[in-house]
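J.: Shown below is the structure under consideration.
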Amino acid sequence: MTADVVSREGPVHSLADAGRAAARFADRWSLRVGEVMQFSNGYYAQLLDSHGKDATEVLVDPGSGTVRLEIGPAMMWNTAYGMMPAGAWPGAVKVGSGQAVRIADQWLRDHRTGLRAAEPEQFPGYYTLHTLHDDHIVGMLSVNATTGDIWYHSWHGRFIKMQERP
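In case it helps, this note's numbering puts the sequence shown at residues 29 to 194.
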C-alpha cells in the first residue's frame with residue numbers, strides 16, 4: 029500500500045457523495061468508510077478495517093472528486109497505510125489514549141485558546157481528535173503514538189457537518 033493511490037470520481041456535492049467516493053477508494057484495500065465530515069475546504073472520511081478499527085483517513089476534493097490519503101498524519105505517521113512502514117519507526121506505541129488527550133489539550137491551551145480535545149480515534153501509529161469549542165466540533169488534530177508530537181489539521185477549513193459512523 030502506498031500513499032500515492034488516488035481515485036478521481038467527479039464532483040462531490042454532499043456527505044453521501046463523499047462517502048461513496050471514499051468507499052470506492054477504500055475498496056482497493058478492503059476497507060470501509062466510517063465517519064464522513066464536510067469542511068469549508070472539502071470532505072474528510074475515516075476508513076475502517078474489517079473489524080471496525082480505524083485504518084486511515086482520506087480527503088475528498090469537492091470539485092474533482094479526487095480521493096487521496098489525508099496529508100499529514102495519515103501519510104507520514106500511519107504505520108500500516110502511510111508512507112512509513114512499521115519497521116521505519118523507532119519504537120512502539122508509548123502514548124496511550126488518555127495521554128493523547130492531555131497532550132492535545134495542552135497544545136490547544138498554548139496555541140488555540142478556547143478549544144479542547146474530544147476523545148481520540150486510534151489509527152496505526154497515531155491518534156486523531158476532534159477539536160471542540162463549547163462542545164461543538166471546530167477542527168481536528170493528531171498526536172503521534174510514539175513521540176507525542178502534535179499535527180494540527182489546518183487544511184480542513186471551517187467545520188460544516190458530519191455523518192456519524194454507520
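For every residue, glycine included, the Cβ atom is placed at its ideal position computed from N, Cα and C.
Note that the structure is predicted; figures quoted are calculated from it, not measured.
Residues in the same chain with beta-carbon distance under 6 Å from A128, minus the five sequence neighbours each way, listed in chain order, please.
T.: Position 100 of the sequence shown, counted from the start, is the residue given in the question as residue 128. Cβ neighbours of A128 beyond the five flanking positions: P148, Y155 and V171.
J.: Could you say which of M103, G167, P152 and A102 lies nearest to A132 if we only look at CA atoms?
T.: As a first step, residue 132 must be located in the sequence shown, where it is residue number 104. Of M103, G167, P152 and A102, the residue nearest in Cα terms is G167.
J.: Quick check: what's the CA-CA separation for A120 versus T174?
T.: On the sequence shown, position 92 is the one that residue 120 refers to. On the sequence shown, position 146 is the one that residue 174 refers to. Straight-line Cα distance between these residues: approximately 6 Å.
J.: Just checking, does the stretch 79 to 95 make contact with the stretch 139 to 153 on the three C-beta pairs under 8 Å criterion?
T.: A contact exists between the stretch 79 to 95 and the stretch 139 to 153.
J.: With DSSP collapsed to three states, give me the class of H79.
T.: In the sequence shown, the residue the question calls residue 79 occupies position 51. If DSSP states are grouped into helix, strand and coil, H79 belongs with coil.
J.: What did DSSP end up calling Q191 once you bin it into helix, strand or coil?
T.: Here residue 191 refers to the residue found at position 163 when the sequence shown is read from its first residue. Residue state, collapsed to three classes: strand.
J.: For A44, is the classification buried or exposed, using 16 other Cβ atoms within 10 angstroms of its Cβ as the cut-off for buried?
T.: Mapped onto the sequence shown, residue 44 falls at position 16. Exposed, since its Cβ has fewer than 16 Cβ neighbours within 10 Å.
J.: Checking 8 Å against the spacing of the C-beta atoms, do A54 and G93 come in under that value?
T.: For the purposes of this step, residue 54 is taken as the residue at position 26 of the sequence shown. For the purposes of this step, residue 93 is taken as the residue at position 65 of the sequence shown. Their beta carbons are not under 8 Å apart, which means A54 does not touch G93 by this criterion.
J.: Label D163 either buried or exposed according to how many other C-beta atoms from any shown protein chain fall within 10 Å of its C-beta, with 16 as the threshold for buried.
T.: As a working mapping, residue 163 is identified with position 135 in the sequence shown. That one is exposed.
J.: Under the DSSP definition of a beta bridge, which residues are partnered with T156?
T.: Along the sequence shown, read from residue 1 onward, the residue named residue 156 stands at position 128. Bridge partners of T156: E149 and S170.
J.: For V121, which of helix, strand or coil comes out of DSSP?
T.: Here the question's residue 121 lines up with position 93 in the sequence shown. Coil.
J.: Closest by CA to H10, which one among I178, L169 and L143?
T.: Any question about residue 10 goes unanswered here, given that the chain covers just 29 to 194.
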